[in-house]
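J.: Heads up, the sequence shown is in the working numbering, so the first residue is 4 and it goes up one at a time.
Just so it is clear, CB atoms sit at the ideal spot from N, CA and C, and this is done for glycine as well.
Treat the numbers as computed from the prediction; the structure is a model and nothing was measured.
I am attaching a structure below and will ask some questions about it afterwards.
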Amino acid sequence: MERFVVTWTREGRWSVSYDGETFATYPTEEEALSETFTRAAERKQAGFKVVVVLMQVRNALDRHHPLIDALGAISLA
Numbered sequence: 004m005e006r007f008v009v010t011w012t013r014e015g016r017w018s019v020s021y022d023g024e025t026f027a028t029y030p031t032e033e034e035a036l037s038e039t040f041t042r043a044a045e046r047k048q049a050g051f052k053v054v055v056v057l058m059q060v061r062n063a064l065d066r067h068h069p070l071i072d073a074l075g076a077i078s079l080a
């Protein structure tokens, strides 16, 4: 199963990795999620099982991001 991980970093930016390798960082949640789900959908259409994981770097900020609290992980498999 292929894995995309979207991480809210200590700097308040969004880092996106694919199978353990970071390929981009984005200033906004919308940009990071749009790119991630577009790539994940392409991989799924190509016949691969895909999972998208949303995470927050531990102690990144004093508060949790509500989207991460609500979703955690979404499987497109």
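Using the DSSP secondary-structure output, state which residues sit across from Glu33 in a beta bridge.
T.: Glu33 pairs with nothing; no bridge assigned.
J.: Tell me whether Thr10 is buried or exposed, calling it buried when 16 or more other Cβ atoms sit within 10 Å of its Cβ.
T.: buried
J.: Determine the contact status of Met4 and Val55, defining contact as a CB-CB distance below 8 Å.
T.: No; because the gap between Cβ atoms is not below 8 Å, this pair is not in contact.
J.: How long is the line joining the alpha carbons of Gln48 and Arg42, rounded to whole angstroms?
T.: Computed Cα separation, rounded: 10 Å.
J.: Could you give the DSSP three-state label for Thr41: helix, strand or coil?
T.: Thr41 sits in a helix when the DSSP states are folded into three classes.
J.: On the criterion of 16 or more Cβ atoms from any shown chain inside 10 Å, does Thr25 qualify as buried, or is it exposed?
T.: exposed
J.: Which value, in whole angstroms, describes the spacing of the CA atoms of Phe51 and Tyr21?
T.: 13 Å
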